[in-house]
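Right, one structure below, let's go through it.
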Ligand code: SF4
């Protein structure tokens, strides 16, 4: 029997963190979600931010926070855990009713998971008056070099994340005006970033010159502007989608209205293709493309590419389901939702033994045995990362009596890690980087295996102007810059 102190120690340990944040789940972890709202008058920022962030919960469940501009001040609240739990603990709701707000749902992709890294991050002047608050989705590749350079100038850091590098760079240039502060900051930073920044009297939104992470905007009524990582955040507050921010665009909203500034010299469209496959919610549109339709099409393509005779098509919930529907539609084989996901699965399990760890994984998904027994099954999953979940799923289906299992991945093989805002395993842990299709089929114990071809993914997306780095190992931002080379910028 563990003492309370032992449980606490275990809960805080790296072992628990690794376990609880993905290794046994075998999933690529989401990036972060950002949400913002601005009106030239007092609005219900508390509820709007809460609803918007709740809609973006799938992009990060580790922590969340919001900053609200009210009467020339900025009030910030952040907390570990889910949006609804965190908002419940806000006692002074009135303090968070202002005219503008930014919010963040966090999954750690830079820095560590300590409280200091929770967002929004904010800067104050010498008298403790708030200057600026920011939320970010993405990852910089040259943050360490910039941090070192700033520290040499005597600028202190409180957190370890790359978001604080953006904050300190902006703070340093703030005396030149907020627009110049963003311009100078974006000249220095390299990588993937979608950022919302709040000052006491304005809200700013900007996206990196490759547009790697998504960010869209919308309108709510006559004068309220809304920004969100995905359109589902706009839907959650009843806002109408206007457009996505362009790569290398800065949008400033204040009492004068909305201004758009193209700050990048050579912007390119290189949005993360994995947003469509896995990260984004199926009810979102990313860069005006319907995520659900794309996933259905991936299933149709997979049938064209590798048809098989079977009794039933099954999707691994949640993101494999639309592809299974597409496969079923193209093949005429009935789709059946016979894999049941426990929707209350959370990170609150504390499991000290390997045996029990394996049981916890099985709690996440369970097949309906009567629908599996004696069946030839086509199983659609969004991707295969380490292969551990697929292997366990195949074992589970065999034990439930499946006669044949044909596994189809709705993405090409993942052969390389991401350093642009998504937490992927190291290359050596990616099973498709180590095994070809035949070897992997044998390892997983399936009767056949296939992946969505790269050409089909490009064709479905309508252009090669996306990031396909985890499938091709070619990235829109050079990995060389990761070696902490200082950007060409006058800091
Ligand atoms: S490397 Fe992969 S996950 Fe990362 S941004 Fe590119 S496509 Fe997305």
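In my numbering, the protein residues as written are 13 to 503.
Backbone N, C-alpha and C define an ideal beta-carbon position, used for all residues, glycine too.
Keep in mind that this is a model prediction, so the values were computed, not measured.
For residue 304 against residue 198, the beta-carbon gap comes to about 33 Å, at or over 8 Å, which does not count as contact.
A Cβ-Cβ contact shorter than 9 Å links residue 147 with residue 46.
Secondary structure of residue 490 (DSSP, three-state): coil.
Applying a distance threshold of 5 Å between residue Cβ atoms and the heavy atoms of the ligand SF4 selects 284, 285, 286, 430, 432, 434, 479, 481 and 482, given in chain order.
In this structure residue 252 is exposed. Its beta-carbon is surrounded by fewer than 16 other beta-carbon atoms within 10 angstroms.
Judged by beta-carbon spacing, residue 384 lies within the 9 Å limit of residue 412, meaning their Cβ atoms are closer than that value. Listed in chain order, the beta strand (DSSP E) elements of length 3 or more contained wholly in the region 124-201 are 133-136 and 142-152. A distance below 7 Å between beta-carbons, with the five flanking residues on each side excluded, links residue 315 to the following residues of its chain, in chain order: 339, 342 and 343. With distances taken between CA atoms, residue 215 lies nearest to 236 out of 382, 394, 236 and 225. When DSSP assignments are scanned along the region 432-492, the uninterrupted stretches of beta strand (DSSP E) that are 3 or more residues long and fall wholly within it turn out to be 460-463. Following the DSSP letters along the chain, one finds residue 416 inside the beta strand (DSSP E) bounded by residues 416-421.
Between residue 61 and residue 80, the C-beta spacing is below 9 Å. By alpha-carbon distance to residue 480, the top candidate from 58, 282 and 381 is 282. C-alpha of residue 441 to C-alpha of residue 484: approximately 16 Å in a straight line.
Between residue 162 and residue 201 the beta-carbon gap is near 12 Å, outside 8 Å, which marks them as no contact. In this structure, 389 is the residue among 296, 356, 389 and 354 with its C-alpha nearest to the C-alpha of residue 346. Contact between residue 256 and residue 299 holds, since their C-beta atoms are separated by about 5 Å, short of 8 Å. Around the beta carbon of residue 368, fewer than 16 other beta carbons sit within 10 angstroms, so the residue counts as exposed. Residue 149 and residue 291 have their C-alpha atoms spaced approximately 13 Å apart. Taken atom to atom, the span from the alpha-carbon of residue 243 to that of residue 332 is near 20 Å. When the beta-carbon positions are compared, residue 112 and residue 265 come within less than 9 Å of each other. Fully contained in the region 187-268 are the following beta strand (DSSP E) runs of length 3 or more, in chain order: 203-211, 214-219, 228-232, 236-240, 252-256 and 261-266. The shortest C-alpha to C-alpha distance from residue 395 to any of 465, 415 and 176 is the one to 465.
Between residue 204 and residue 180, the gap from beta carbon to beta carbon reaches 9 Å or more.
Along the region 44-115, the alpha helix (DSSP H) occurs as fully enclosed runs of 4 or more residues at 57-67 and 95-100, listed in sequence order. For residue 379, no alpha helix (DSSP H) encloses it; the enclosing beta strand (DSSP E) starts and ends at 377-379. According to the DSSP assignment, residue 327 belongs to the beta strand (DSSP E) that extends over 324-327. Assigned with DSSP and collapsed to three states, residue 353 falls in strand. Following the DSSP letters along the chain, one finds residue 388 inside the beta strand (DSSP E) bounded by residues 388-393.
For the 9 Å CB-CB criterion, residue 445 and residue 417 do not form a contact.
Excluding five sequence positions before and after residue 245, the CB atoms of its chain that fall closer than 6 Å to its own CB belong to 47, 64, 67 and 68, given in chain order. Minimum Cα-Cα distance from residue 84 among the listed residues 107, 100 and 93 corresponds to 107.
Per the coordinates, the alpha-carbon of residue 166 lies some 35 Å from the alpha-carbon of residue 258.
A distance below 8 Å between beta-carbons, with the five flanking residues on each side excluded, links residue 473 to the following residues of its chain, in chain order: 285, 288, 301 and 306.
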